[in-house]
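The listed protein sequences correspond, in order, to chains A and B. At position 94 of the first sequence the residue is numbered 93 (the numbering used here), and the sequence of numbers has no breaks. At position 32 of the second sequence the residue is numbered 86 (the numbering used here), and the sequence of numbers has no breaks. First up is the structure itself, then whatever we jot down about it.
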Amino acid sequence: ETGVTQTPRHLVMGMTNKKSLKCEQHLGHNAMYWYKQSAKKPLELMFVYNFKEQTENNSVPSRFSPECPNSSHLFLHLHTLQPEDSALYLCASSSGGNEQFFGPGTRLTVL
Amino acid sequence: GIQVEQSPPDLILQEGANSTLRCNFSDSVNNLQWFHQNPWGQLINLFYIPSGTKQNGRLSATTVATERYSLLYISSSQTTDSGVYFCAVRFSGNTPLVFGKGTRLSVIA
């Protein structure tokens, strides 16, 4: 596969569930990002990782827990989410400050 | 503060028409990208254009960095051009991209 992939593409979960979103980039990049896009709203940056180290956390609630085991993989662990967390979650990668590429997103619904 | 402003917020075009989308930014940039978000949510890279002019088929973009704006031109629009167009800039070094609020384009047959 090429580019940035995300799984699952769609996810429905209850407020007491624990689930994880996965992102993988095949571009040799060193930086990876998680964004949240709620309906009719702009993209919100959540987390940034550079060379596996977290360099940005935009005041994200602790019910969202990122993990970056290597430069190619990024996870977002979800637990005890709220209905207002329903959104499109987008992963992206870049090589430093150069062109950034996005995955297709995971559409999350919290019941 | 650091800002990225896009105009117009909404645009409706008849198929075949041309359009210009604008992105103004508040400071000097070392990265500017235009994206098209399709109805399924995927952000598709259109241009990486911190300065100068580029063309790709019916689309072209120009960034005048000294005057802090970028323009995206869409010619002979098609219904598949519908979606939201985002401008995003990186103001310095390795800082994250800052996104504008987007222009929602609807092309009708």
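Heads up, the beta-carbon is just placed ideally off N, CA and C, and yes, glycines get one too.
| query | Nearest chain A C-beta to Pro150 (chain B) closer than 8 Å, yes or no? | reply | Taking the second sequence and counting its residues from 1, one reaches residue 150 (chain B) at position 96. At a cut-off of 8 Å, the C-beta of Pro150 (chain B) has a neighbouring C-beta in chain A.
Handout entry: Nonlocal neighbours in the same chain, by C-beta distance under 8 Å from Pro150 (chain B), ignoring five residues either side
Key = As a position in the second sequence, residue 150 (chain B) is number 96, starting the count at 1. Cβ neighbours of Pro150 (chain B) beyond the five flanking positions: Arg144.
- Query: Glu59 (chain B) by DSSP, collapsed to three states: which one?
  - Reply: If you number the second sequence from 1, residue 59 (chain B) lands on position 5. Secondary structure of Glu59 (chain B) (DSSP, three-state): strand.
- prompt: Going by DSSP, what residues sit across from Met12 (chain A) in a beta bridge?
  reply: Here residue 12 (chain A) is taken as the residue at index 13 of the first sequence, counted from 1. DSSP output for Met12 (chain A) lists A:Val109 as bridge partner(s).
Next item on the list: May I have the straight-line CA-CA distance separating Thr105 (chain A) from Val11 (chain A), to the nearest angstrom?
Entry: Translated into the one-based positions of the first sequence, residue 105 (chain A) becomes position 106. Translated into the one-based positions of the first sequence, residue 11 (chain A) becomes position 12. Looking at the two C-alpha atoms, the distance is approximately 10 Å.
- request: Given a cut-off of 8 Å, decide if Asn110 (chain B) and Gly96 (chain A) are closer than it, judged by their beta-carbon atoms.
  value: For the purposes of this step, residue 96 (chain A) is identified with residue 97 of the first sequence, where counting begins at 1. For the purposes of this step, residue 110 (chain B) is identified with residue 56 of the second sequence, where counting begins at 1. Going by C-beta atoms, Gly96 (chain A) is not nearer than 8 Å to Asn110 (chain B).
- Message: Between which residues of its own chain and Lys108 (chain B) is the CB-CB distance below 7 Å, once the five residues before and five after are set aside?
- Response: Residue numbering aside, residue 108 (chain B) sits at position 54 when the second sequence is read from its first letter. Cβ neighbours of Lys108 (chain B) within its own chain (closer than 7 Å, five residues either side excluded): Phe101, Ser114, Ala115.
**Asked** Just how far apart, CA to CA, sit Ser131 (chain B) and Pro68 (chain A)?
**Response** Residue numbering aside, residue 131 (chain B) sits at position 77 when the second sequence is read from its first letter. Residue numbering aside, residue 68 (chain A) sits at position 69 when the first sequence is read from its first letter. For Ser131 (chain B) and Pro68 (chain A), the distance between alpha carbons rounds to 43 Å.
For Pro121 (chain B), which of helix, strand or coil comes out of DSSP? Sequence index remark: in the second sequence, residue 121 (chain B) carries index 67 (1-based). Inspection of the sequence shows that residue 121 (chain B) is occupied by Glu rather than by Pro. Helix, per DSSP.
What does the alpha-carbon distance come out to for the pair Gln87 (chain B) and Met14 (chain A)? To locate residue 87 (chain B), count along the second sequence from 1; it is residue 33. To locate residue 14 (chain A), count along the first sequence from 1; it is residue 15. Approximately 36 Å between the Cα atoms of the pair.
Query raised in the report: If you check the beta carbons only, do Leu65 (chain B) and Thr157 (chain B) fall under 8 Å apart?
Result: One-based indexing of the second sequence puts residue 65 (chain B) at position 11. One-based indexing of the second sequence puts residue 157 (chain B) at position 103. Yes, Cβ-Cβ distance for Leu65 (chain B) and Thr157 (chain B) is below 8 Å.
Could you check if Gln5 (chain A) is buried or exposed, using at least 16 other CB atoms within 10 Å of its CB as the buried criterion?
Within the first sequence, the letter at position 6 stands for residue 5 (chain A). Answer is buried; the Cβ neighbour count reaches 16.
Strictly below 7 Å CB to CB, what residues from chain A border Lys108 (chain B)? Looking up residue 108 (chain B) in the second sequence gives position 54. Result: empty, since nearest Cβ-Cβ is about 12 Å, beyond 7 Å.
Per-residue contacts from Leu73 (chain A) into chain B (C-beta, under 7 Å)
The residue labelled residue 73 (chain A) in the question sits at position 74 within the first sequence. None at all; the shortest Cβ gap to chain B is about 14 Å.
* Could you give the uninterrupted runs of the beta strand (DSSP E) lying entirely in the segment 60-111 of chain B, keeping only those of 3 residues or more? -> With a minimum length of 3 residues, the continuous beta strand (DSSP E) runs that stay inside the segment 60-111 of chain B are 64-68, 73-79, 85-91, 97-102, 106-110.
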